[in-house]
Structure formats: C-alpha cells, structure tokens
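The listed protein sequences correspond, in order, to chains A and B. So for the first sequence, full-length UniProt numbering puts the first residue at 1; every next one is plus one. So for the second sequence, full-length UniProt numbering puts the first residue at 1; every next one is plus one. C-beta atoms are modelled at their ideal positions from N, C-alpha and C, and glycine is treated no differently. The structure displayed is predicted, hence computed values, not measured ones.
There are 2 protein chains.
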Amino acid sequence: MTLNVVALLTTKPGSGPALEQAIAEVRSAMLAHDGCLRYDLQRRRKSETEYVMIEAYETTDALRAHGSSDEFVALSAALGELLAAPPEVIVLDPVGDQTA
Amino acid sequence: MTLNVVALLTTKPGSGPALEQAIAEVRSAMLAHDGCLRYDLQRRRKSETEYVMIEAYETTDALRAHGSSDEFVALSAALGELLAAPPEVIVLDPVGDQTA
C-alpha cells in the first residue's frame with residue numbers, strides 16, 4: 001500500500017520564491033527515483049512562508065532511498081538557508097480505504 | 001487546479017480506533033459530495049494518537065460545501081469527544097507541477 005509523507009516547511013520571510021524554485025528544479029529527479037509516486041509542493045493559503053510537501057512512495061525502502069539520494073542531500077543543504085526552522089517530516093501509514 | 005487539504009488530528013490516548021471507525025463510516029458520503037476528490041485517513045508511523053487526513057477538492061466552493069455538509073457537522077461533533085485538541089486544518093494551493 002502507498003506510503004504518504006507530509007512535510008511541513010516554514011521559510012524565512014521573503015524566501016518563499018527561492019524555495020519554490022529549488023523544489024521545481026529537483027522535482028523531476030525525485031520522481032525518477034524508483035517508487036517515488038508523488039512529490040508535490042503546496043503553499044498554505046493566505047501564507048507567504050508556510051509550505052507543505054505532499055509525497056507518496058510505493059514502499060518504505062523507496063522512501064529510504066529517496067532520503068539518502070544525492071538530490072535529497074543537495075536539496076536539504078539548499079533549504080537549510082531558506083527555512084526558518086527544520087522541516088517537520090511526517091511519515092504516514094494509510095488507514096482504511098484510500099483514493100490514492 | 002486541485003485544492004489539497006491536510007488536517008492534523010491528535011486523539012486522546014486509546015481513542016485511535018474510534019476515530020478510525022468514525023472516518024470509515026463517513027468516508028463514502030464525503031466522497032459523494034460534488035468535487036470531493038480524496039478523503040484518506042493516515043496514521044503517523046510509530047504513533048497511536050497522531051493522524052492526518054489527506055483530502056482534495058476540485059474547487060474552493062467544493063471545499064466550502066464539504067465544510068457545511070451535514071456529514072461534516074456530525075463528524076466534527078463525534079470527533080470532539082475523541083480528539084485531545086482541535087484539529088489543525090491546512091488549506092493548500094498547489095505550487096508548480098503536480099502529480100495529483
């Protein structure tokens with residue numbers, strides 16, 4: 001069953017556009033990772049600094065591989081400059097029927 | 001473009017199963033609402049009390065209709081007994097390319 005991940009990101013004031021660009025630049029490489037099904041950036045409505053990544057992976061192994069990939073390491077370094085605090089990464093197991 | 005919603009829910013100790021059942025019972029009715037695309041419950045890995053709803057709607061109007069539906073009002077009342085704190089409902093706008 002698909003494994004979902006929700007990551008809550010808060011940028012420093014004014015760093016939203018740079019975050020959006022960093023994610024856009026790496027997104028296709030992330031989706032090319034085996035078992036990465038979704039890597040979608042969202043912005044909290046009415047916020048300039050609060051973002052949420054909605055991600056999905058086929059397996060825990062796929063999530064682990066993502067987390068140790070060169071792209072992820074590089075992205076984490078880049079985001080370190082842009083975020084006001086470390087991201088909250090929430091790994092989720094589905095409960096009951098699922099649409100995706 | 002699809003509107004995603006992430007709702008963070010923390011139950012009182014031992015109320016997880018009751019929350020899971022309450023969501024399971026109402027899920028098909030929620031998905032029957034016009035423009036409701038996803039209504040999926042997740043549990044935070046290694047947690048007995050932390051849950052996340054991942055929802056998706058075609059439009060803001062669809063989300064509003066969901067929020068004022070009889071099912072939502074009834075569910076909110078039922079969850080009031082089970083949650084340790086009010087849910088954090090995060091309405092999201094997509095940024096850049098999206099998978100879903």
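{"Check": "Does the separation of the CB atoms of LYS12/B and LEU63/B fall below 8 Å?", "Outcome": "no"}
{"Check": "For the beta strand (DSSP E) that contains ASP93/B, what are its first and last residues?", "Outcome": "88-95"}
{"Check": "At a Cβ threshold of 8 Å, is THR10/B touching chain A?", "Outcome": "no"}
{"Check": "Can you name the start and end residues of the alpha helix (DSSP H) that ALA30/A belongs to?", "Outcome": "In the sequence on display, residue 30/A carries Met and not Ala. Element bounds for MET30/A: 16-32."}
{"Check": "Looking only at its own chain, which residues have a Cβ that is under 7 Å from the Cβ of ASP34/A, when we skip the five neighbours before and after it?", "Outcome": "ALA62, ALA65"}
{"Check": "Does the beta-carbon distance from ALA75/B to LEU19/B come in below 8 Å?", "Outcome": "Looking at the sequence provided, one finds Leu at residue 75/B rather than Ala. Against a cut-off of 8 Å, the Cβ pair of LEU19/B and LEU75/B comes out as no contact."}
{"Check": "In the structure shown, what three-state DSSP assignment does ALA100/A receive?", "Outcome": "coil"}
{"Check": "Strictly below 9 Å CB to CB, what residues from chain A border ARG64/B?", "Outcome": "Ordered by position in chain A, no residue passes the 9 Å Cβ test against ARG64/B, which lies about 13 Å from the chain."}
{"Check": "Per DSSP, what are the beta-bridge partners of MET53/A in this structure?", "Outcome": "ALA7/A, LEU41/A"}
{"Check": "Check each residue of the segment 80-94 of chain A: if its Cβ is closer than 9 Å to any Cβ of chain B, include it; give the result in chain order.", "Outcome": "ILE90, VAL91, LEU92, ASP93, PRO94"}
{"Check": "Check the Cβ-Cβ distances between GLY96/A and every residue of chain B, and say whether any is below 8 Å.", "Outcome": "yes"}
{"Check": "Pull up the distance between the alpha-carbon of GLY14/A and that of THR49/A, whole angstroms please.", "Outcome": "8 Å"}
{"Check": "DSSP has LEU83/B in a bridge; who is on the other side?", "Outcome": "THR11/B"}
{"Check": "Skipping 5 residues on each side, what residues in its chain have a beta carbon closer than 6 Å to that of TYR39/A?", "Outcome": "ARG27, MET30, LEU31, GLU55"}
{"Check": "For the alpha helix (DSSP H) containing GLY67/A, list its first residue and its last residue.", "Outcome": "60-67"}
{"Check": "Does ASP61/B have its Cβ less than 8 Å from a Cβ in chain E?", "Outcome": "No chain E appears in the structure shown, which is made up of the protein chains A and B."}
{"Check": "Does the Cβ of MET53/A have 16 or more other Cβ atoms within 10 Å, making it buried, or fewer, making it exposed?", "Outcome": "buried"}
{"Check": "As a quick exercise: from GLY16/B, ALA24/B, CYS36/B, pick the residue whose alpha carbon is nearest that of SER69/B.", "Outcome": "CYS36/B"}
{"Check": "Return the chain-ordered list of same chain residues with a C-beta closer than 7 Å to the C-beta of GLU71/A, the five sequence neighbours on each side being excluded.", "Outcome": "VAL26, ALA29, MET30"}
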